[in-house]
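Under full-length UniProt numbering, the residues of the sequence shown are numbered 1 to 248, in order.
Note that CB positions come from ideal geometry on N, CA and C, so glycine has one too.
Some notes on the structure that comes next.
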Amino acid sequence: RSLNRIIGKSGEPLIRKGVDMAMRLMGEQFVTGETIAEALANARKLEDKGFRYSYDMLGEAALTADDAQAYMVSYQQAIHAIGKASNGRGIYEGPGISIKLSALHPRYSRAQYDRAMEELYPRLKSLTLLARQYDIGINIDAEEADRLEISLDLLEKLCFEPELAGWNGIGFVIQAYQKRCPFVIDYLIDLATRSRRRLMIRLVKGAYWDSEIKRAQMDGLEGYPVYTRKVYTDVSYLACAKKLLAVP
């Protein structure tokens, strides 16, 4: 027993170091850098190999007006940094940015629809115009299912902005685990046709599964807005990718 305790204690630092290294390696797969400058520097090698990046800033939704203003400033700074790093490569060959609308307004929900359209939209438009100055793509990031309709309404309003006519750098992120994803693609195809532009669509599997399931249960819904098994999401991802690639 004494020997086991000695071995156990002597092994603890090694275990801690091993766990720390494993966490760092895993983190580097998902977090390119702690700052936008660090992320841009770390991405250069893979960019040279043909990879393309859309940078996102990790963070929670804004809870106050001060939070929203702070995020707005951070997004502006990030667009300036990404735009300079892009160096005129354009929306397809250069890096872009993804923005979370819930970070730009503390009341980003269907219940505050009018307020969000009145107060949030000008911020979204301002960031998009700034991205256009540098000719870098700007994506509206995917969030929870109950925010899908309002995000699509904001996207549609943005697509018909006269100041953005003829520019194809507006993008939207869709989630394959949402049961509505194929129908959202149909809507986006129609929107692109009506607004006479190409949209940059990024398809992901989804990142809010736990909260979507819990919220549906708390609300007493008969079903869920997302698939409950990963295999269904995998099939949906392939089907949605095929649908997107078939668009002329």
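| query | result |
| --- | --- |
| Would you tell me roughly how many angstroms separate the C-alpha atoms of Ala61 and Ile185, rounded to the nearest one? | 26 angstroms |
| Mapping the DSSP letters down to three states, classify Leu203 as helix, strand or coil. | strand |
| Indicate whether Ser54 and Asn139 have their beta-carbon atoms separated by less than 7 angstroms. | yes |
| Return the CA-CA distance between Ile213 and Asp153, expressed in angstroms with no decimal places. | 25 angstroms |
| Do the segment 131-146 and the segment 113-122 meet, that is, are 3 or more Cβ pairs less than 8 angstroms apart? | no |
| Would Ile91 and Gly137 qualify as a contact pair, given that the criterion is a beta-carbon distance under 7 angstroms? | yes |
| Please identify the residue among Asp48, Val204 and Ile189 whose C-alpha is closest to the C-alpha of Ala246. | Ile189 |
| Closest by CA to Trp209, which one among Ala37, Met72, Tyr224 and Tyr134? | Tyr224 |
| So the alpha helix (DSSP H) Ser98 belongs to, where does it begin and stop? | Per DSSP, Ser98 belongs to no alpha helix (DSSP H); it is in the beta strand (DSSP E), Gly96 to Ile99. |
| Considering only residues of the same chain and omitting the five flanking positions on each side of Ala239, which have a CB-CB separation below 6 angstroms? | none |
| Gly171 by DSSP, collapsed to three states: which one? | strand |
| Kindly give me the distance between the Cβ atoms of Phe172 and Ile201, rounded to whole angstroms, as I take these residues to be in contact under 8 angstroms. | 6 angstroms |
| Have a look at Gln77, Ala68 and Gly96 and flag the residue whose alpha-carbon is nearest the alpha-carbon of Pro106. | Ala68 |
| If you check the beta carbons only, do Leu40 and Ala85 fall under 7 angstroms apart? | yes |
| Suppose contacts are defined by Cβ-Cβ distances below 7 angstroms. Is Lys205 in contact with Ala241 by that definition? | no |
| For Cys159 versus Leu127, is the C-beta spacing smaller than 7 angstroms? | no |
| If you draw a straight line from the alpha carbon of Leu148 to that of Gln77, how long is it in whole angstroms? | 27 angstroms |
| With DSSP as the reference, please indicate the residues paired to Gln133 in a beta bridge. | In DSSP, Gln133 forms no bridge with anything. |
| With a 10 Å radius around its C-beta and 16 neighbouring C-beta atoms as the bar for buried, classify Ser236 as buried or exposed. | buried |
| Just to confirm the assignment: which complete beta strand (DSSP E) runs, minimum length 3, are found wholly within the segment 42-111? | 96-99 |
| Ignore the nearest five residues each way along the sequence and tell me which others in Arg196's own chain have a CB closer than 7 angstroms to its CB. | none |
| Is the beta carbon of Cys181 closer than 7 angstroms to that of Tyr174? | According to the sequence displayed, residue 174 carries Ile and not Tyr. In contact: Ile174 and Cys181 (Cβ atoms closer than 7 angstroms). |
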